[in-house]
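Structure record follows, encoded as structure tokens.
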Amino acid sequence: GVAAFAALLLMAGGPAEGLTPPPWPGKADLVFESGGRIVSMKADGSERKVLTHEGLPLTFLNEGDSDGNPQFSPDGDSIVFDRDVLSGLSDYENQIMVMDRDGGSVRPMFPKANLPNSENRSVGGAVWSADSSRIFLLRATAGVRKYTTEVMSIKPDGTDLRKLSGSTMRFRGEKISGAKFLPLEIAPSPDGKKLLVSYFRLFGGKPARIYRMDADTGKRKLLARDASSPSWSPDGSRITFVSERDHLNKSCYEGHCSYDLQIYVMKANGSGARRLIPGPAKGSQYGPDWSADGGRISLTSNRTGSRNVFSAELFSIRPDGKCLTRLTNGSPSSGSAVWGPEAGRSSGPGTCGDAAPRAIGEITPDRHILGLELPPMWLGPAYGNQLLTSIFKDGRAVMESYDDCGALKAGRCQVKVSVDSGPVCEKYADSIFYDGTFKRLVERNGALVMLSEPAGRGLETIVYTGGTETGIYTPAKHRGKRVTWADHLKVVDALRPVTSAERVAKFEPPVFHLTEVQTARAVLRSWRNVGSLAEAAKKQGMFPKIAGAYLRFGKALERQGKVLTVKCKRRSEVPGSIKPR
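This is how it looks when you write it as structure tokens:
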């Protein structure tokens, strides 16, 4: 619904204002989005500063506001941005906000204009005109069986709201009529006379288009097909944009194929397009923005490290496609970067290749996770050079993923790891029993660890310590080599409660689910009585594969002697008393 529209508006890349004010000394500034916050830094990646939500913990599902699409005002004193505000359990309301350049005085940009005016309406993508006289924005309205998106302009004081252009897509069953493409990005020209507007088709897989629109009348003309996220050069002679047109690195899912996005440069009339970064494509590149001095183009790419959605970082490059330089390195990912408007400040990073700092891991448990009565286990903000990319609460359990590699080269990345930890009564180890993959039970620093055979494309290990059950999951292979139990045991050694930043000296004694222990011992007794796994499985009403896993578990428990157990009548029930069995 409206939230999806707002998300699309937030994903839109931002244009540069391309002004030529009096010279300013020093390095140019960049502002960008990272983990629902607006962040600033210098052109060389230094002096990083969080401007919104500073000090708040970052989790996969942020509690509260999420900010994106930052844009400088032409005088450089202010930054305008989109904000999604959590309303209720899962609904978001969006606002256009403005703040001082240093992050102070955050406030709604149009408090009197009441742009949304309805729970079915959202606004976003605000950008200033070059002369500061107007602000252009997008307004989306969800009606009965239709969506309308409009290109609007308004004075900075919230008066004189005008509609420049609008498109309505209608739905009846599976049939779509009306406008096939809707406007979702705006880039004003340096001379203030024109707008570049990206039109996207939300259904059907057709590539986006860029139209050139008259800033006063709203009249438009098609400029480029298979193109989006435009940004003007400061002199207005060239335009950068994003496209799949070269069909690089094809990937298909459920019959729909896509390609890695690449950045292109063309003349202002739409001719002479060329790919910005020459040579073989490495990942996707998107979100270009031209610096005010004309010397660099900022962009977002996942070309290094893990090359996935979590590894997107900021780069800058010369307009001739030379001197690509990485500026950020961390989790959460970074994107939607725009330059400050001061043409006298240098956009040069001072080096080619890498100016990024050491990997920064900023995602941490929030108060809901830290307040759980039985703290789940995690690996800290990073496991080796794999950074924590998401952590979220699922009942009384916590799920964590370490998907972003802090190394600049993919060959130096460690295996990706996921961790799922919670109370024994809530988790159960069904997967490795019902898949029949349980193999061994080993002691590790006071904990007991279930090792399994690889099932399909992954390897799973389950750790028991205190009252928690913690699953560790990795791909079956990493860089062409099989992931082993030894690799998983190293992960086990790095576990600690979410309330602790340090590894534990020794794990608390393990506690097992009573039903699993009783099942394993019943299968073991049946096997000894009948002398056949097939017969024992039949007697227990199980498939032989499942019975085999429980049999191996029963033998392992027998070697352990007494173990602590907890009785739970059903999943998610508060545990009963812990007893040795």
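Its first residue numbered 4, the sequence shown is counted upward by one per residue in our numbering. The beta-carbon is built from N, C-alpha and C at its ideal position, and this holds for glycine as well.
As assigned by DSSP and simplified to three states, the class of residue i
| i | result |
| --- | --- |
| residue 333 | strand |
| residue 280 | coil |
| residue 104 | coil |
| residue 314 | helix |
| residue 113 | coil |
| residue 528 | helix |
| residue 481 | strand |
| residue 509 | coil |
| residue 499 | strand |
| residue 490 | helix |
| residue 561 | helix |
| residue 551 | helix |
| residue 463 | strand |
| residue 153 | strand |
| residue 518 | helix |
| residue 143 | strand |
| residue 327 | coil |
| residue 566 | coil |
| residue 556 | helix |
| residue 302 | strand |
| residue 259 | strand |
| residue 504 | coil |
| residue 523 | helix |
| residue 86 | strand |
| residue 536 | helix |
Short Cβ contact (8 Å threshold) for residue i with residue j
| i | j | result |
| --- | --- | --- |
| residue 182 | residue 196 | no |
| residue 280 | residue 291 | no |
| residue 210 | residue 247 | yes |
| residue 458 | residue 438 | yes |
| residue 154 | residue 164 | no |
| residue 333 | residue 364 | yes |
| residue 393 | residue 372 | no |
| residue 461 | residue 487 | no |
| residue 131 | residue 76 | yes |
| residue 539 | residue 530 | yes |
| residue 185 | residue 152 | yes |
| residue 249 | residue 278 | yes |
Spatial distance of residue i from residue j (CA atoms)
| i | j | result |
| --- | --- | --- |
| residue 108 | residue 81 | 10 Å |
| residue 368 | residue 399 | 13 Å |
| residue 562 | residue 498 | 25 Å |
| residue 340 | residue 389 | 24 Å |
| residue 71 | residue 483 | 38 Å |
| residue 86 | residue 69 | 6 Å |
| residue 402 | residue 383 | 13 Å |
| residue 565 | residue 514 | 11 Å |
| residue 172 | residue 235 | 29 Å |
| residue 53 | residue 40 | 7 Å |
| residue 138 | residue 128 | 10 Å |
| residue 501 | residue 495 | 14 Å |
| residue 64 | residue 395 | Only weak support exists for where residue 64 lies, its pLDDT of 46 falling under 50; the coordinates are left without a value. |
| residue 452 | residue 466 | 4 Å |
| residue 113 | residue 205 | 28 Å |
| residue 429 | residue 519 | 13 Å |
| residue 377 | residue 449 | 18 Å |
| residue 105 | residue 432 | 50 Å |
| residue 24 | residue 347 | A caution first: residue 24 carries a pLDDT of 42, below 50, which makes its placement in the model unreliable, though a value can still be read off. Taking the straight line from one Cα to the other gives about 8 Å. |
| residue 557 | residue 338 | 52 Å |
| residue 569 | residue 335 | 38 Å |
| residue 45 | residue 289 | 20 Å |
| residue 26 | residue 32 | Summary for residue 26: the model assigns pLDDT 44, below 50, so the residue's position carries little reliability, and this model does not support an answer. |
| residue 434 | residue 456 | 12 Å |
| residue 419 | residue 141 | 39 Å |
| residue 244 | residue 354 | 25 Å |
| residue 469 | residue 548 | 29 Å |
| residue 149 | residue 170 | 10 Å |
| residue 349 | residue 342 | 11 Å |
| residue 92 | residue 397 | Per-residue confidence for residue 92 stands at a pLDDT of 49, beneath the threshold of 50, marking its modelled position as unreliable; no derived number is given. |
| residue 473 | residue 441 | 15 Å |
Cβ separation of residue i and residue j, assumed to be a contact under 8 Å, to the nearest whole Å
| i | j | result |
| --- | --- | --- |
| residue 559 | residue 447 | With a Cβ gap of about 14 Å, residue 559 and residue 447 do not count as contacting. |
| residue 603 | residue 203 | In the structure as shown, the chain begins at 4 and stops at 584. Residue 603 is therefore absent and cannot be evaluated. |
| residue 360 | residue 47 | 10 Å between Cβ atoms; not a contact. |
| residue 422 | residue 516 | That belief does not hold up - the Cβ atoms of residue 422 and residue 516 are roughly 19 Å apart, past 8 Å. |
| residue 380 | residue 303 | With a Cβ gap of about 33 Å, residue 380 and residue 303 do not count as contacting. |
| residue 267 | residue 253 | The Cβ separation is near 18 Å, so there is no contact. |
Cβ-heavy atom distance, residue i to the ligand HEM, below 7 Å
| i | result |
| --- | --- |
| residue 532 | The ligand HEM is absent from the structure shown, which contains no ligands of any kind. |
Next on the checklist: Please give the ranges of any beta strand (DSSP E) in the stretch 373 to 460, keeping only runs that are unbroken, at least 3 residues long and fully inside the region.
Outcome noted: Whole beta strand (DSSP E) segments, 3+ residues: 393 to 397, 400 to 405, 420 to 426, 441 to 447, 450 to 455.
Enumerated in chain order, which unbroken segments of the beta strand (DSSP E) with a length of 3 residues or greater are wholly contained in the stretch 173 to 227? Those beta strand (DSSP E) runs which fall completely within the stretch 173 to 227 and span 3+ residues are 178 to 181, 185 to 191, 197 to 203, 212 to 217.
- Message: Extract the residue ranges of the beta strand (DSSP E) inside the stretch 42 to 74, only unbroken runs of 3 or more that lie entirely within it.
- Response: Complete beta strand (DSSP E) runs here, min 3: none at all.
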